[in-house]
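A.B. asks: The sequence shown maps to residues 2 to 116 in the working numbering.
A single structure is presented below for examination.
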Amino acid sequence: MNIEALSDIGERNQPVTMGLIIGTVAAVFVVDTSALIGRGRTAEVAQARQAAMYVMSMTDKYTLAAIGGSLGGRSPATVSHGFQVIAKSIKRQITLRNKIKEVQGILSRGLDRTA
């Protein structure tokens, strides 16, 4: 993962916002943030979007409606489905599990890659 791709995400110790999660997921999954909030449904974009839904849901800070709203106005049912897809997939897909862990690690440490 290229640290320059994360340089515009924010400063260390800033609050973890939905925008920060979207930016981090976009960098780790190598998709544009606009694709995550857009209508695109390619496999890569859909998986990254569902990963963002999963990470946001795991924070316990946001409602399903708020998460869906931040990702292009998706319904709470869509967010719930996305969460379930990722929760099931990370049990058998090591690469996906590692990407989710990378996103969570970046968010928990800020941008300090030495921690």
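From the three backbone atoms N, C-alpha and C, an ideal C-beta is built for every residue, glycine too.
Treat the numbers as computed from the prediction; the structure is a model and nothing was measured.
1) Going straight from the alpha carbon of Ile101 to that of Val56, what length do you get?
2) So Thr60 and Val17 are supposed to be a Cβ contact under 8 Å. How far apart are they, rounded?
3) Rounding to the nearest angstrom, what Cα-Cα distance links Val26 and Gly111 in this structure?
4) First and last residue of the alpha helix (DSSP H) that includes Gly39?
5) State the CB to CB distance for the pair Ala53 and Ile23, rounded to an integer number of angstroms; the pair is presumed to be in contact (CB under 8 Å).
6) Quick one: which unbroken alpha helix (DSSP H) runs of 4-plus residues sit fully inside the region 49–75? Chain order, please.
7) Does the distance from the CB of Val31 to the CB of Val104 come in under 8 Å?
8) Measuring only the C-alpha atoms, how far is Leu97 from Gln51?
C.D. replies: A quick look at the data gives this:
1) 8 Å
2) 6 Å
3) 14 Å
4) Run containing Gly39: none; DSSP gives neither H nor E here.
5) 6 Å
6) 65–71
7) no
8) 11 Å
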